[in-house]
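These notes are about the structure you will find just below.
2 protein chains.
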Amino acid sequence: MLTYACDLAAVRAAADRIRGIVHRTPVMTSDTLDRLAGRRLYFKCENLQKVGAFKYRGASNAVLRLTDAEASRGVVTHSSGNHAQALALAARVRGVPAYIVMPKTAPAVKKAAVEGYGGIVTLCEPNLADRERTANALVERTGATLIPPFDHPDVIAGQGTAALELLEDVPDLDAIITPVGGGGLLAGCCVAARGVKPGVRVFGAEPLGADDAARSKAAGAWQPQAAPDTIADGLLTSTGQLTWPIIRDLVEGVFTVTDDEIRAAMRLVWERMKLIVEPSGAVGAAVALGDGFKSLTGVQKVGIVFSGGNVSLDKLYW
Amino acid sequence: MLTYACDLAAVRAAADRIRGIVHRTPVMTSDTLDRLAGRRLYFKCENLQKVGAFKYRGASNAVLRLTDAEASRGVVTHSSGNHAQALALAARVRGVPAYIVMPKTAPAVKKAAVEGYGGIVTLCEPNLADRERTANALVERTGATLIPPFDHPDVIAGQGTAALELLEDVPDLDAIITPVGGGGLLAGCCVAARGVKPGVRVFGAEPLGADDAARSKAAGAWQPQAAPDTIADGLLTSTGQLTWPIIRDLVEGVFTVTDDEIRAAMRLVWERMKLIVEPSGAVGAAVALGDGFKSLTGVQKVGIVFSGGNVSLDKLYW
Numbered sequence: 016m017l018t019y020a021c022d023l024a025a026v027r028a029a030a031d032r033i034r035g036i037v038h039r040t041p042v043m044t045s046d047t048l049d050r051l052a053g054r055r056l057y058f059k060c061e062n063l064q065k066v067g068a069f070k071y072r073g074a075s076n077a078v079l080r081l082t083d084a085e086a087s088r089g090v091v092t093h094s095s096g097n098h099a100q101a102l103a104l105a106a107r108v109r110g111v112p113a114y115i116v117m118p119k120t121a122p123a124v125k126k127a128a129v130e131g132y133g134g135i136v137t138l139c140e141p142n143l144a145d146r147e148r149t150a151n152a153l154v155e156r157t158g159a160t161l162i163p164p165f166d167h168p169d170v171i172a173g174q175g176t177a178a179l180e181l182l183e184d185v186p187d188l189d190a191i192i193t194p195v196g197g198g199g200l201l202a203g204c205c206v207a208a209r210g211v212k213p214g215v216r217v218f219g220a221e222p223l224g225a226d227d228a229a230r231s232k233a234a235g236a237w238q239p240q241a242a243p244d245t246i247a248d249g250l251l252t253s254t255g256q257l258t259w260p261i262i263r264d265l266v267e268g269v270f271t272v273t274d275d276e277i278r279a280a281m282r283l284v285w286e287r288m289k290l291i292v293e294p295s296g297a298v299g300a301a302v303a304l305g306d307g308f309k310s311l312t313g314v315q316k317v318g319i320v321f322s323g324g325n326v327s328l329d330k331l332y333w
Numbered sequence: 016m017l018t019y020a021c022d023l024a025a026v027r028a029a030a031d032r033i034r035g036i037v038h039r040t041p042v043m044t045s046d047t048l049d050r051l052a053g054r055r056l057y058f059k060c061e062n063l064q065k066v067g068a069f070k071y072r073g074a075s076n077a078v079l080r081l082t083d084a085e086a087s088r089g090v091v092t093h094s095s096g097n098h099a100q101a102l103a104l105a106a107r108v109r110g111v112p113a114y115i116v117m118p119k120t121a122p123a124v125k126k127a128a129v130e131g132y133g134g135i136v137t138l139c140e141p142n143l144a145d146r147e148r149t150a151n152a153l154v155e156r157t158g159a160t161l162i163p164p165f166d167h168p169d170v171i172a173g174q175g176t177a178a179l180e181l182l183e184d185v186p187d188l189d190a191i192i193t194p195v196g197g198g199g200l201l202a203g204c205c206v207a208a209r210g211v212k213p214g215v216r217v218f219g220a221e222p223l224g225a226d227d228a229a230r231s232k233a234a235g236a237w238q239p240q241a242a243p244d245t246i247a248d249g250l251l252t253s254t255g256q257l258t259w260p261i262i263r264d265l266v267e268g269v270f271t272v273t274d275d276e277i278r279a280a281m282r283l284v285w286e287r288m289k290l291i292v293e294p295s296g297a298v299g300a301a302v303a304l305g306d307g308f309k310s311l312t313g314v315q316k317v318g319i320v321f322s323g324g325n326v327s328l329d330k331l332y333w
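One line per chain: the protein sequences are F and S, in this order. First residue of the first sequence: 16, per this note's numbering; consecutive thereafter. First residue of the second sequence: 16, per this note's numbering; consecutive thereafter.
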């Protein structure tokens, strides 16, 4: 039997570790979306999670797993997205420094958000080489621990706690859909859900403009994501060395949706459910409303993760 | 002892009557808003209620109180707002017709929303005289029962169930704030809250551009609202013959806020709580964040009703 970076025991341990620190988010339903999807949908509202995204689960688990000696030297990551804010808050809760490397082109509001959670921002050139060089220099100088956004066992296990809670609240789900970017959420939720309920079917939801996971599944081998182009800006990266094997072997399939479908789903959620989801967070709902997923048989009750709600309210999305 | 149009027994009976039909909405909190308000705030999320507003409580109670013979002839109201949609759905749930009189100038989207819930729309001239004439003609022709939007004992009792639930979930509240337009929500919640917890302090929240309740309280006598001018389009009307005595005698005070304060509170709720509230629904939060309310002493925990979430997503509010 293959061994993966994360198993059910690790997710259960993460759930115990982060209890009381991370919100147990509600599960919400909508008659209108059920009617449009042709089945009953249960939305796990990680948009209502602290920092507005599921990322706080994995970041908290990773920070809490450090020894006191390790933690005291702090944590490092390079990210301009939700993981950066999540790690900054998780570090502050433990009372240790978080060094966040961000490209100098990142919006001022994102830098301010990280600093609002107590993160120490270091700007770098907007390319991967300089991001990694800058982060490595910080690690060398401070002795801090690098916590990557998804390809890390403790991060994957933390994200999986969302599926544990979802199945506790709705045990008779037939399927679960989560968005997939780097794959931490999908891999963690898949291991958790199929661990507690082996027959549950797990699917990824991906924008067509960053469809590496769908292409990888079709090819049966890892494919990189070059030049992503989608409104779902949290899902641009390729899957990782630790997340891909789980997705390859345990996830049934990855469905893609267009940006127009994402926008339409996002608007429906705002209008009918009165919940703010970000484009990346609405991709699972968009899949459930699309013809491909609707044609699946034997699927009555579907859990869907609203992965985040961090959007700029200075513009309209439609 | 004065007798009012509604008492705790009526609210409790309403709660029994509408249980399972009306959502028991969640109570949500936000560390950010607590910090800004200087105390702990508990938001009763009626924006997540069916039809997106508390109005479904009162409409359901009123429709369910009718005898079978009365109900079979249907219900009538004149409204272009949330009450119209609420009454249409409440009637459909009972399987009886709802005749909704709307001004011909009402946005097409509001007419479509009422019709989406099965309401039968009759258009009239955009003035009160023609609205009442048209509604009365419908009553005469069909034998249907007029259910006004707020000044009706069963409507007031239904709205009060929101406060019953809020105090069940958070029994140690020191105060409750609700928006006030016609006063159905404020009067019902006040009777309910002070019925179960006599020491709880109840306040109204009103836009400065439609401040008849605040002026009435200041004068100790009912004042009409002429020429309202506010973004909070659900709070334009004067208080009613049944709601005003309750507000006069049992509500401690009414705080007013400017439209800029309402917009700022609304944006905070969208950004930090990821919840869509309409301008009228954010007025209670705006009061809690304002200097007047903040200067009250002895108030640690405050319940606030997010009264609705029905906004057009075709425009920005800031």
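All C-beta atoms in this analysis are idealised placements derived from N, C-alpha and C, irrespective of residue type, glycine included. The structure displayed is predicted, hence computed values, not measured ones.
- Under the DSSP assignment, F/THR271 falls in the beta strand (DSSP E) whose first and last residues are 268 to 272.
- Restricting attention to alpha helix (DSSP H) runs no shorter than 4 residues, the stretch 253 to 303 of chain S encloses them at 258 to 265, 274 to 283 and 298 to 303, ordered along the chain.
- Identification of residues in the stretch 260 to 292 of chain S having a C-beta nearer than 9 Å to some C-beta of chain F yields ARG282, TRP285, GLU286, ARG287, MET288, LYS289, LEU290, ILE291 and VAL292, given in sequence order.
- Neighbours of S/ASN62 in chain F, taken as residues at a C-beta separation under 7 Å, are given in chain order as LYS289.
- Contact between the stretch 194 to 210 of chain S and the stretch 160 to 173 of chain S is present, with at least three C-beta pairs closer than 8 Å.
- Relative to the Cα of F/GLY255, the nearest Cα in the group F/ASP306, F/ILE277, F/ASP227 and F/PHE270 belongs to F/ASP227.
- In this structure, F/VAL215 is the residue among F/GLY131, F/LEU304, F/VAL195 and F/VAL215 with its C-alpha nearest to the C-alpha of F/ASP187.
- The CB of S/PRO41 comes closer than 8 Å to the CB of PRO41 in chain F, given here in chain order.
- In this structure the stretch 89 to 104 of chain S touches the stretch 126 to 141 of chain S; the number of beta carbon pairs closer than 8 Å is three or more.
- Interface residue (Cβ-Cβ distance to chain F less than 8 Å): S/GLY249 is not classified as such.
- For F/PRO168, the uninterrupted alpha helix (DSSP H) segment begins and ends at 168 to 184.
- Listed by position along chain S, the residues whose Cβ is nearer than 7 Å to that of F/LEU331 are LEU331.
- Pairing F/ILE319 with F/LEU56 gives a Cβ-Cβ distance under 8 Å.
- DSSP links S/THR92 through a beta bridge to S/ILE115.
- The alpha-carbon of F/PHE270 is positioned some 9 Å away from that of F/GLY305.
- Residue range 199 to 211 is occupied by the alpha helix (DSSP H) that includes F/CYS205.
- Taking C-alpha positions only, S/THR176 is separated from S/GLY89 by approximately 24 Å.
- The three-state reading of DSSP puts S/ARG39 in coil, since its state is none of H, G, I, E or B.
- Residues of chain F with a Cβ closer than 7 Å to the Cβ of S/GLY67 are, in chain order, LYS289.
- Under the DSSP assignment, F/LEU138 falls in the beta strand (DSSP E) whose first and last residues are 135 to 139.
- By the CB criterion at 8 Å, S/ALA225 and S/VAL298 fall outside the cutoff.
- Under the three-state reduction of DSSP output, S/LEU153 falls in the helix class.
- Between S/GLY324 and chain F, the shortest Cβ-Cβ separation is below 8 Å.
- With a beta-carbon spacing of about 6 Å, F/GLY323 and F/ASN62 fall inside the 8 Å limit used to define contacts.
- S/LEU250 counts as buried, since at least 16 other C-beta atoms from the protein chains shown sit within 10 angstroms of its C-beta.
- Beta-bridge annotation (DSSP): S/GLU61 is not paired with any residue.
- For F/PRO164, DSSP assigns no beta-bridge partner whatsoever.
- CA-CA distance, S/ALA24 to S/CYS204, rounds to 13 Å.
- At a cut-off of 8 Å between beta-carbon atoms, S/LEU328 makes contact with chain F.
- Within a 10 Å sphere around the beta-carbon of S/VAL217 sit 16 or more other beta-carbons, which makes this residue buried.
- Straight across, the Cα-Cα distance linking S/ALA128 with S/SER95 is about 10 Å.
- When the alpha-carbon of F/THR312 is set against those of F/GLU85, F/ARG54, F/ALA29 and F/PHE69, the nearest one is in F/ARG54.
- Cβ atoms of S/TRP237 and S/TRP259 come within 8 Å of each other, at about 5 Å.
- Cβ-Cβ distances below 6 Å link F/PRO141 to PRO118 and THR120 in the same chain, with the five nearest sequence neighbours on each side left out; the list follows chain order.
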